[in-house]
Amino acid sequence: MPRVSAPVYSLNGGEVGDEALSRLDLERLQFAGSLYQNLLPRVIGSMTLRPGLEYITDIDFGDVQLLEYSYSGGSSLIPILSDEEMRVVKDDALVTRAAVSTTIQNGDFNSFTGWTDASTGLATATVGSGDLRLKGTPQDEAKATQTIAVALADRNVEHGLRVNVQRGPVMVRLGSSSGASDLIEAIDLQDGVHSIAFTPTTANIYIALSNTRARESLVESCQIDSAGVVVIPTPWTSDDLADNIIRYKQNKDVLYVASGIYQQREIQRRGDTSWGVQRYKSDDGPFITSDGTISLTSSDLVDDGTVTLTANKSYFDSGMVNRLFRIFQSGQTVEEDFTTDPQEGAHIRVSGVDSARTFTWAVTGTWVGTVTLQVATDDGTGSPGSWTDVLARTSNGTSTHTDPDDNVVKFFRWVVKSGDHTSGTMETSLIYDGGSQAGIARVISYTSPTVVGIEILTRFYSLDASFEWDYSAWSDFDGWPASVDVFGGRLYWGQSDMVYGSVPDAFKSFDDEVEGASAPIARSINASSQRGILWMLGLQRLIAGTDASEVSIKASSFDEPLTADSWFPVDASTRGCANIRAVKADKDGIFVQASGTGAFRMAPDQQGFDYTSSDLMAMHEEICDGSAIVDLAVQRRPDTVVWFILANGEARALTYEPAENVIAWSRVTTDGLFKRVAAIRGAGQDSVYFAVTRNGAQRLERLAKLSECRGGATNCLADGFKRFTATPGQTTFSVPHLNGKQVTVWVNGVAVRDQSNLYTVASNQVVLSAMTGGEKVIIGLPYTGKWQSTKLAYGAANGSALFHKKRVSQLGLGLTKTMLDGLGVGNSFTNLKRLTMTKGDKPIPAGYLFDDFDADMMSVSSDWDTDSRICLEARAPYPFTASSLVMDVKTNG
């Protein structure tokens, strides 16, 4: 009867499916098991009882999405989206505001009382229709200021300034003295709600809201945050979150967000407790050329708050609000009013020969001072070079000027030099019939199919109708991008079959007058997709995922940057993607296949020339038990682990290190339902957060560090656990989130209550014997780790031992940081026993922590079976890590 001692030197093969259990010809299958539940395979070769989940706070807001925000400042910051709201967790608590009595008078702008119009020149700050209206001019700043009293009790207490911008940009300053910005530095805010933290130290603080652009900005409210959790409005509903339409990419302190339904947003962090959500707005594209059958006419050259755009036939739609129009106009008219000095006007561009170089100038108004006409030549880039004086006026007048330098491009403008304005308004104009210019406007309101309200972003040069115009690619009417990524210094947006790349290092610019390699990109990926681009990943190449294929976008060679001219999309694979974000691990991308239940890897092919896909579930097609994947995240330290959340409330962990041939699955279950996951980079170990529904509410819980799950005074092997440092004489420990549940209790290295003696939480608390003080107490829910071997094919006299009766009579385990109290072994999970009660003929004390356990082989089973297996069970809160095992297998054949 053959007998062999079969060693398994590594236990990190992960769980494999039934169809693969006999594939012991594959090296990686020799280290696998038919069940890994709550046991994590480690890259180094061991398997360990997974860390517990620490209760952080309640997030019972319905459907949520946890956003990953990378931050090197030491804190963990997690924006949490719920139904049209965003909250932020900083470390272990939601960001909140203290109760203060500080108020801003008429911060809701029902009147202007309390505010001061500190505008310059012809700019104005007024209140109308419930908004603060800041109307700037080409030369002047619109500004509203207020002095705010701060009570003694509220000084040195963090406040929140909540600014709701209806139409930006609006510049906000807050200081301890008039004009200062020591509390809130001058920042531009776009359309959205912003909560900005500041800490006043003086009896009065000074706020200024301003607009330096030649258009009207609107502020709906500017108030001190009320006490409680900071909540920022967003456009995304619960249904949107459940449908997994949110895509985002971080760059510095901004998360750029796409959804395909709403205008893109920026989630902005201006401090750990200062956050805002605003519209992403580009003022210069991307544009699409119109068909030239409709003319458009602006009612003014510059914005005065009441400008309209008129079409010669029905064209406009209410969904075109926020659409851009760029109108090309023949001739150039520039009108500028100067009320102070120094100031510079806009220019006209003159070219051609002889009379084609003649323009008309005029100066009118009631004023005292000197206004100067200046000229500059083209600097070679299409912009003016150095300016020189042509003529100076100290009184009104009008005339023509003909430039003598034929075929030389020149620019002309009016200026008022320093000290040249005494009083009044200098009204100037330049009118040139030659050349053409383009102005850009954004639609802000819909009146009729032929009339819309606009704000002028770059001035128009003519009031004549024009059939030559472009419109922006994005609006409610045209649709919005559904995916986003940052790659090669550009911000990319994916909309339908198109990819739009910004000007490099200018993430809000799509200026198509930029030429060469820096020109913006607007190219198709040529995918046979009905749903368009679902996600993008910047790997070594830009990868776009659609429901039909995964597209690799390359330049002419692997190392060249993508440009509008170097753009070659090819199908890297044709798996098709589910509508859920993909994640990145070094050069690899991991995505969910169109079925929703498969996970695939995008990686460079063996030649390194392109990307290809491979099935991460090839050895276990049913690891998800048919349940769809609804979320995923990548943890990089201490091992790379891809976490998958399933629709059935379970989780799966994929230990992922292809270079070490480790692609190992394990099941993760808890007393509750997993809903979401996010992995936040951190020192030593990444922080992995889960939204978990348990005990009737949704909680935010964090995976404990492995270093805290090794026994000792602090041992975090419990779910929903809460940790305490006991005070002298303390007997009660509050755990209201676990009320009515049976829990384990760990005190200073001892399992006071384990799974054989659970404590039932009553009246929201656990009552223990009086503490001396300083004890580390961990209270949480129990869970169990289970491992079962694959089929055993050891010890046959003739060929394989498969299909021969066999038994594992003895077992040896290599263990580290393990307490045997929670470990059971056997040939099935219904026939388990403790591994041993002694070591070296000496009894093992209860709760003894083995740093390293290596003992003689121990009896396991006397049963014979053609499918004899080894089963291990590790019960929290006792630590367990197995690095190897040896089986004494006897085979009847």
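Note that the sequence shown covers residues 552 to 1444 in this note's numbering.
Don't be surprised by glycine CBs; every beta carbon is placed ideally from N, CA and C.
Note that the C-beta distance between ASN802 and PHE1058 is below 9 Å. One alpha carbon belongs to ALA992, the other to ASP1270, and they sit about 56 Å apart. Per DSSP, the continuous alpha helix (DSSP H) segment holding ALA793 begins and ends at 789-793.
Taking C-beta separations shorter than 8 Å and ignoring five residues to either side along the sequence, the partners of LEU1257 in its chain run THR599, PRO602, PRO1189 and GLN1236, following chain order.
Here LEU792 is buried: its Cβ has 16 or more other Cβ atoms, across all protein chains shown, within 10 Å. In the DSSP annotation of this structure, GLN1144 is not part of any beta strand (DSSP E), being labelled neither H nor E. Taken through DSSP and simplified to helix, strand or coil, PRO1209 comes out as helix.
The three-state secondary structure of PRO1396, taken from DSSP, is coil.
Within 10 angstroms of the beta-carbon of LYS864 lie fewer than 16 other beta-carbons, which makes it exposed.
Inclusion of THR911 and SER980 in the CB contact set at 9 Å is warranted, their separation being smaller than that value. The DSSP assignment places complete beta strand (DSSP E) segments of no fewer than 3 residues inside the stretch 1226-1284 at 1238-1245, 1248-1254 and 1270-1276, in order along the chain.
Within the model, the alpha-carbon separation for LEU562 versus ALA1433 is close to 7 Å. In the structure shown, MET1408 falls within a coil segment according to DSSP collapsed to helix, strand and coil. By the CB criterion at 9 Å, GLU736 and GLY843 fall outside the cutoff. GLY1089 is positioned such that its CB atom lies closer than 9 Å to that of PHE1038.
Inclusion of GLY1373 and ALA1427 in the CB contact set at 9 Å is warranted, their separation being smaller than that value. Contact between VAL1239 and LEU1254 holds: their C-beta atoms lie close to 4 Å from each other, under 8 Å. Bounds of the beta strand (DSSP E) holding GLU1101 are 1101-1105. In the structure shown, the three-state DSSP call for HIS898 is coil. As for any beta strand (DSSP E) of minimum length 3 sitting wholly inside the stretch 710-770, the runs are 710-718, 721-726, 735-740, 743-749 and 755-762, ordered along the chain. When the five nearest sequence neighbours on each side are left out, the beta carbons in the same chain lying within less than 7 Å of the beta carbon of ARG1132 are those of ARG798 and TRP1086, in order along the chain. When DSSP states are grouped into helix, strand and coil, GLY975 belongs to the strand group. GLY948 is classed as exposed because its beta carbon has fewer than 16 other beta carbons within 10 Å across all chains shown. Below 8 Å, enough C-beta pairs join the stretch 806-822 and the stretch 736-753 to call them touching: three or more.
In the three-state scheme derived from DSSP, where H, G and I count as helix and E and B as strand, PHE582 is classed as helix. Distance between GLU570 and ASP1029, taken at the CA atoms: about 49 Å. Just so you know, the alpha carbons of SER1164 and ALA1215 end up roughly 18 Å apart.
GLU619 has its alpha-carbon roughly 28 Å from the corresponding atom of ILE1072. Residue LYS1342 holds the alpha-carbon nearest to the alpha-carbon of ARG574 among LEU734, GLY665 and LYS1342. Taking the Cα of ASP794 as reference, the smallest distance to any Cα among ARG1227, CYS1422, LEU1366 and PHE1380 is reached at ARG1227.
Remark: fewer than three beta-carbon pairs, one from each stretch, lie closer than 8 Å, so the stretch 1049-1066 and the stretch 996-1012 are not flagged as touching.
The three-state reading of DSSP puts GLU570 in helix, counting H, G and I together.
PRO1155 carries a strand assignment under DSSP once its states are collapsed to helix, strand and coil.
In this chain, the beta strand (DSSP E) harbouring GLN1316 covers 1316-1318. LEU1436 is positioned such that its CB atom lies no closer than 9 Å to that of LEU1383. Cβ-Cβ distances below 7 Å link ILE839 to ASP1021, TYR1022 and ALA1024 in the same chain, with the five nearest sequence neighbours on each side left out; the list follows chain order.
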